[in-house]
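In what follows, a single structure is set out as structure tokens and then discussed.
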Amino acid sequence: MSELFANYLAVVAMVLFGIGFGNLLLQKNLIKKIIGLNIMDTAVYLFLASMGYISGRLAPIITDGDTDARKYVNPIPSGLVLTGIVVSVSVTALMLALTIRLYRRYRTLDIDEITLLARQEHNE
Amino acid sequence: MDFVRNFPLFSILLPMVSGPISSVMSGKKAKWLNYAVVAVSGLLSVATLVYVLNTGSTYNYSMGAFPAPFGNEIRVGVLEALTATFFCFVMLLSLIGGYRFTKVDIPEEKQNLYYIMMNLLLSSLLALIYTNDMFTGYVFIEINTIAACGLIMIRGWGRNLLAATKYMIMSLLGSGLVLISLSILYGITGHLLMEPMHEAIVEIMENKTYTEPLTVAVGLFCVGIAIKSALFPFHSWVPDAYGYSTCASSAILSSLVSKGYIFLLIKFFYRVIGTDIIHQIQVDDVLFVFGIAGMVFGSISAIQQTDVSRMIAFSSVAQIGYIYMGFGLNTEAGMIASVFHILAHATGKSLLFISLNSLSDGTWEYANYRKLRGAAYYHKFAGLGFAVGSLSMVGIPLLAGFTSKVYFAKAAFGVDSNPKMLIALVALAISTILNAMYFIGQTINIYTPLSVEHEPGSVKHSASARVAVVLFILINLVLGMGSDPVIRWIRTGLVHFGAIIKIR
Numbered sequence: 001m002s003e004l005f006a007n008y009l010a011v012v013a014m015v016l017f018g019i020g021f022g023n024l025l026l027q028k029n030l031i032k033k034i035i036g037l038n039i040m041d042t043a044v045y046l047f048l049a050s051m052g053y054i055s056g057r058l059a060p061i062i063t064d065g066d067t068d069a070r071k072y073v074n075p076i077p078s079g080l081v082l083t084g085i086v087v088s089v090s091v092t093a094l095m096l097a098l099t100i101r102l103y104r105r106y107r108t109l110d111i112d113e114i115t116l117l118a119r120q121e122h123n124e
Numbered sequence: 001m002d003f004v005r006n007f008p009l010f011s012i013l014l015p016m017v018s019g020p021i022s023s024v025m026s027g028k029k030a031k032w033l034n035y036a037v038v039a040v041s042g043l044l045s046v047a048t049l050v051y052v053l054n055t056g057s058t059y060n061y062s063m064g065a066f067p068a069p070f071g072n073e074i075r076v077g078v079l080e081a082l083t084a085t086f087f088c089f090v091m092l093l094s095l096i097g098g099y100r101f102t103k104v105d106i107p108e109e110k111q112n113l114y115y116i117m118m119n120l121l122l123s124s125l126l127a128l129i130y131t132n133d134m135f136t137g138y139v140f141i142e143i144n145t146i147a148a149c150g151l152i153m154i155r156g157w158g159r160n161l162l163a164a165t166k167y168m169i170m171s172l173l174g175s176g177l178v179l180i181s182l183s184i185l186y187g188i189t190g191h192l193l194m195e196p197m198h199e200a201i202v203e204i205m206e207n208k209t210y211t212e213p214l215t216v217a218v219g220l221f222c223v224g225i226a227i228k229s230a231l232f233p234f235h236s237w238v239p240d241a242y243g244y245s246t247c248a249s250s251a252i253l254s255s256l257v258s259k260g261y262i263f264l265l266i267k268f269f270y271r272v273i274g275t276d277i278i279h280q281i282q283v284d285d286v287l288f289v290f291g292i293a294g295m296v297f298g299s300i301s302a303i304q305q306t307d308v309s310r311m312i313a314f315s316s317v318a319q320i321g322y323i324y325m326g327f328g329l330n331t332e333a334g335m336i337a338s339v340f341h342i343l344a345h346a347t348g349k350s351l352l353f354i355s356l357n358s359l360s361d362g363t364w365e366y367a368n369y370r371k372l373r374g375a376a377y378y379h380k381f382a383g384l385g386f387a388v389g390s391l392s393m394v395g396i397p398l399l400a401g402f403t404s405k406v407y408f409a410k411a412a413f414g415v416d417s418n419p420k421m422l423i424a425l426v427a428l429a430i431s432t433i434l435n436a437m438y439f440i441g442q443t444i445n446i447y448t449p450l451s452v453e454h455e456p457g458s459v460k461h462s463a464s465a466r467v468a469v470v471l472f473i474l475i476n477l478v479l480g481m482g483s484d485p486v487i488r489w490i491r492t493g494l495v496h497f498g499a500i501i502k503i504r
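Going down the list, the sequences are from chains V and X.
Using the working numbering, the first residue of the first sequence is number 1, and each one after it goes up by one.
Using the working numbering, the first residue of the second sequence is number 1, and each one after it goes up by one.
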């Protein structure tokens with residue numbers, strides 16, 4: 001139990017990941033699915049950022065000529081988070097664009113209803 | 001340093017640069033640029049393959065200023081070069097074969113957009129093949145997904161949009177799992193490059209620290225890749241995505257896109273985790289079970305379809321099951337059979353989709369089982385292509401599908417755990433019978449003399465499709481009859497992949 005409290009950031013990240021994953025998988029509303037996707041990705045960023053942070057240390061930007069590695073936090077997780085954010089923004093944009101096209105065509109955001117309407121359209 | 005060493009990087013960068021350039025071109029020019037780029041990438045890969053075969057070793061190509069444990073790298077060996085060559089040429093032939101339908105299915109003003117996506121897809125596939133850095137692998141998985149989504153939705157029907165949305169949702173679930181798995185692995189190993197990561201993982205297993213997070217991370221990675229490559233039971237997006245796209249898209253999606261992810265999984269098994277650790281944490285048994293289930297249930301679903309393009313799509317699920325079954329055996333022979341099956345399935349499936357589209361004139365009304373009756377008399381080349389593709393999928397001697405099945409059977413005999421051997425052999429037999437039921441049935445159907453009048457649609461006989469069909473048949477025969485050098489290269493490549501193969 002004490003490990004859970006010591007690593008509370010990782011625990012929160014995993015809970016958030018689960019919430020996001022569940023929403024992306026189970027929600028019927030496309031917008032809610034996209035929100036789920038973003039929660040899921042953000043959880044990963046929290047996890048990565050918490051892993052890279054060491055309390056009491058500085059951001060790895062050398063200002064006063066001090067190159068002692070022990071004064072700074074690990075920069076790689078921050079780099080990974082930035083890359084991840086770029087990826088997640090682009091897939092979110094793509095999903096939203098798809099949602100808009102589906103909405104214009106079928107006037108609903110419910111994926112089950114859209115499936116039904118598309119099948120009817122196909123059979124006509 | 002030999003100049004040839006730069007070629008893999010060139011073959012990744014070339015399509016990446018030509019994609020944005022084709023955005024300002026007309027559809028026709030973009031098409032020619034795309035063909036040229038795919039062909040040049042293929043030739044560069046051939047040169048790389050010849051180079052690594054001659055030197056008999058692999059090399060790491062460092063990207064940027066930072067050396068190995070920190071910077072980014074690509075790695076080039078026999079297996080990578082072979083797969084890259086093969087992917088480039090299958091893509092080129094699929095594009096040529098599907099050209100007539102691409103022209104009809106996609107509005108004129110959107111043609112160049114299609115080729116942007118194709119360039120992006122090629123670039124990401126090659127990057128997935130060559131990368132030596134897991135996080136780069138993740139980024140290119142996402143790029144691959146976006147490009148594939150573009151290929152599905154470009155036709156613009158409601159069903160395509162829906163298929164693209166479903167594909168995106170499933171793929172994003174998969175890539176989310178891959179990302180969290182890589183984060184956990186980075187947390188416990190402290191590395192992203194494959195070799196240092198592997199060393200750290202061996203140490204973890206020896207010290208028995210963090211073995212649970214390691215197991216969880218490997219499991220999440222496998223599930224993520226399994227979702228993206230449509231392993232049973234994560235295949236719900238497959239029939240719509242493959243079945244309703246334009247011809248070239250269906251061919252490329254089924255034969256290449258899912259294989260790119262699988263190739264990354266092979267690298268993950270061999271170069272990051274190590275096959276003996278995979279066996280220790282029993283991930284291979286799980287993949288074996290799902291692979292077997294896919295082989296059987298994919299075929300059963302295929303039998304139930306009346307729409308032949310959906311039938312072929314479901315057959316992909318079964319074939320992916322074969323590949324995962326080979327992983328599940330977790331022996332050298334099993335892995336070689338899987339890699340060979342990747343190649344055999346890629347040629348067979350592209351051939352089937354191109355032939356089917358020619359037979360049905362690219363319309364779904366004619367893709368129906370009954371409407372196709374006698375179609376082979378109108379489209380002789382397409383009929384022949386469909387027959388050869390079907391027989392290859394069933395596993396008739398002389399064709400690539402037969403050779404891979406022989407290697408799967410041999411691999412199954414080589415496993416010393418009895419239940420696994422028995423299950424694999426029985427599943428191979430059942431799956432072959434099921435394959436024969438729908439593929440042979442369909443081939444007989446298209447060669448049955450007409451009972452109803454077949455009206456040829458807007459798309460008629462196309463020379464480009466004939467060329468593609470003939471070349472695909474030739475590749476299929478070459479793979480089927482002259483498989484020895486290919487198998488030898490695959491074996492060398494896998495040995496180079498880490499020299500950690502243990503034959504149990």
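Heads up, the beta-carbon is just placed ideally off N, CA and C, and yes, glycines get one too.
Quantities reported herein were computed from a predicted structural model and do not represent experimental measurements.
Residue of the options minimising C-alpha distance to residue i
| i | options | result |
| --- | --- | --- |
| X/F70 | V/G79, V/R70, V/D68 and V/D64 | V/G79 |
| X/F135 | X/M311, X/F268 and X/F234 | X/F268 |
| X/G401 | X/F408, X/S392 and X/M16 | X/S392 |
| V/M95 | X/I475, X/R491, X/L79 and X/T145 | X/T145 |
| X/G334 | X/V308, X/K405, X/V238 and X/G374 | X/K405 |
| X/M525 | X/A68, X/Y61 and X/F140 | Beyond the ends of chain X as shown, which are 1 and 504, falls residue 525 of chain X; an answer cannot be given. |
| X/P449 | X/L372, X/L231, X/T215 and X/A30 | X/L372 |
| X/D133 | X/L126, X/E195, X/V469 and X/F89 | X/E195 |
| X/S11 | X/T189, X/I300, X/A346 and X/T85 | X/T85 |
| X/M1 | X/S23, X/Y59, X/M325 and X/A468 | X/Y59 |
| X/V506 | X/T55, X/S41, X/M325 and X/W32 | Outside the modelled stretch of chain X, which goes from 1 to 504, sits residue 506 of chain X, for which no answer is possible. |
| X/Y35 | X/V50, X/M118, X/L49 and X/P20 | X/M118 |
| X/Y114 | X/G97, X/V50, X/F87 and X/S26 | X/S26 |
| X/L92 | X/S417, X/P20, X/K31 and X/Y244 | X/K31 |
| X/I396 | X/N476, X/R370 and X/H279 | X/N476 |
Neighbourhood of residue i by C-beta distance below 6 Å, restricted to the same chain and skipping five residues each side
| i | result |
| --- | --- |
| X/A376 | G383, I446 and Y447 |
| X/A436 | V394 |
| V/N38 | none |
| X/W489 | V78 and L82 |
| V/E121 | none |
| X/S175 | I141 and E142 |
Residue i at chain V interface by Cβ criterion, 8 Å
| i | result |
| --- | --- |
| X/F135 | yes |
| X/V139 | yes |
| X/G158 | yes |
| X/L505 | Shown here, chain X extends from 1 to 504; a query on residue 505 of chain X therefore has no answer. |
| X/M153 | yes |
| X/E195 | no |
| X/L128 | no |
Min CB distance residue i to chain X below 8 Å
| i | result |
| --- | --- |
| V/A118 | yes |
| V/R57 | no |
| V/L48 | yes |
| V/I114 | yes |
| V/T63 | no |
| V/D66 | no |
Reduced DSSP category for residue i - H, G, I as helix; E, B as strand; rest coil
| i | result |
| --- | --- |
| X/D285 | helix |
| X/S45 | helix |
| X/L398 | coil |
| V/N74 | coil |
| V/D68 | coil |
| V/N7 | coil |
| X/S458 | Residue placement at X/S458 is poorly supported in this model, since its pLDDT is 46, which falls under 50; the coordinates still yield a value, given next. Coil at X/S458, not helix or strand. |
| V/D41 | helix |
Residues of its chain near residue i, where Cβ-Cβ distance is below 8 Å and the 5 sequence neighbours each way are ignored
| i | result |
| --- | --- |
| X/C149 | A164, Y167, M168 and S171 |
| V/V73 | G52, Y53, I54, R57, L58, A59 and P60 |
Cβ neighbours of residue i in the same chain (closer than 7 Å, five flanking residues each side left out)
| i | result |
| --- | --- |
| X/F353 | C247, S250, A251, S254 and I312 |
| X/S229 | S258, Y261, I262 and I320 |
| X/S181 | A217, L220, F221 and G224 |
| V/P77 | L48, A49, M51 and G52 |
| X/F232 | F290, A293, G294, F297, G298, V317 and G321 |
is_contact[residue i, chain C] using C-beta, thresh 8 Å
| i | result |
| --- | --- |
| V/M40 | Looking for chain C here will not work: the only protein chains present are V and X. |
- Query: Relative to chain X, which residues along the segment 85 to 99 of chain V have a C-beta separation below 8 Å, given in chain order?
  - Reply: V87, S90, V91, L94, M95, L98 and T99
- Task: May I ask you to list, following chain order, the residues of the segment 174 to 189 of chain X that have a beta carbon less than 9 Å from some beta carbon of chain V?
- Result: S175, G176, L177, L179, I180, L182, S183, I184, Y186 and G187
- Closer than 8 Å, Cβ to Cβ, to anything on chain X: give me those residues from the segment 25 to 36 of chain V, in chain order. L25, L30 and K33
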